[in-house]
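Residue numbers (the numbering used here): 479 to 617.
Note that the Cβ used here is the ideal one computed from N, Cα and C, for glycine as well.
As the structure is a computational prediction, the values presented were derived from the model and not from experiment.
Some notes on the structure that comes next.
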C-alpha cells in the first residue's frame with residue numbers, strides 16, 4: 479500500500495470514470511477514490527452510485543456524467559491548467575475524508591446511532607441522568 483500512496487503523492491489529479499453497466503452492476507463508493515482524496519489529490523469522477531455523497535462538484539472535486547467523455551476531458555484540462563483550483567479542491571477533499579470518512583468520524587457516527595437506537599440520546603437531550611454502569615442501566 480505504501481507504493482500506492484507514493485503514486486498518489488506524485489500525481490497531479492485523480493480521475494475515476496465509473497459507470498453503470500447494462501446489467502446494473504456498479505461501484506458503490508470506490509475505496510480508490512477515498513484513498514486519492516485522503517492524500518489531498520483533486521479528483522474528477524462520474525455521478526454514479528455513492529460517488530456524489532463523497533465528491534461535491536466544485537467544492538472538493540469535480541463531477542461529470544457517466545459516458546460524457548468531452549466533459550471528463552474538459553474537467554481534467556481545467557484542473558491541469560489551474561493550480562489554485564487543484565490546491566483548493568485537494569485541500570477540501572482531504573478535509574472531507576478526515577471529517578466524514580475517517581475511522582474516528584465513523585466511530586462517532588456509530589456511537590450516536592447506537593445512543594439513538596437505545597434511547598440514551600433522548601435521555602441526554604432531556605437532561606435525564608445517565609446510568610454510570612451497565613448494572614445501573616438494567617435496574
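As assigned by DSSP and simplified to three states, the class of residue i
i           : result
residue 540 : strand
residue 483 : helix
residue 578 : helix
residue 547 : helix
For residue j and residue i, believed in contact at Cβ under 8 Å, the rounded distance
i           : j           : result
residue 526 : residue 542 : Going by Cβ atoms, the distance from residue 526 to residue 542 rounds to 10 Å, so no, they are not a contact pair.
residue 540 : residue 553 : 4 Å
residue 564 : residue 491 : 7 Å
Start and end residues, alpha helix (DSSP H) containing residue i
i           : result
residue 510 : 509–516
residue 489 : Run containing residue 489: none; DSSP gives neither H nor E here.
The beta strand (DSSP E) enclosing residue i, as first and last residue numbers
i           : result
residue 497 : Looking at the DSSP string, residue 497 is not in any beta strand (DSSP E), and its letter there is neither H nor E.
residue 522 : 521–524
Span separating the alpha-carbon of residue i from that of residue j
i           : j           : result
residue 557 : residue 510 : 19 Å
residue 508 : residue 597 : 34 Å
residue 555 : residue 498 : 24 Å
residue 479 : residue 486 : 11 Å
residue 575 : residue 500 : 31 Å
residue 560 : residue 528 : 27 Å
residue 579 : residue 588 : 12 Å
residue 585 : residue 595 : 15 Å
residue 514 : residue 481 : 13 Å
residue 546 : residue 581 : 34 Å
residue 544 : residue 562 : 26 Å
residue 484 : residue 537 : 25 Å
residue 590 : residue 548 : 43 Å
Own chain partners of residue i with C-beta closer than 7 Å, once the 5 adjacent residues on each side are dropped
i           : result
residue 535 : 541
residue 530 : 541
residue 533 : 521, 523, 539 and 541
residue 613 : With a pLDDT of 39 at residue 613, under the threshold of 50, the modelled position of this residue cannot be trusted, and the question is left open.
residue 611 : Unreliable positioning characterises residue 611 in this predicted model, as indicated by a pLDDT of 36, which lies under 50. The coordinate reading is nonetheless provided below. Cβ within range, chain order: n/a, list empty.
Neighbourhood of residue i by C-beta, 8 Å cutoff - its chain only, sequence neighbours within 5 removed
i           : result
residue 550 : 493, 495, 522, 524 and 542
Residues near residue i in its chain [Cβ-Cβ closer than 6 Å; skip 5 each side]
i           : result
residue 518 : 568 and 572
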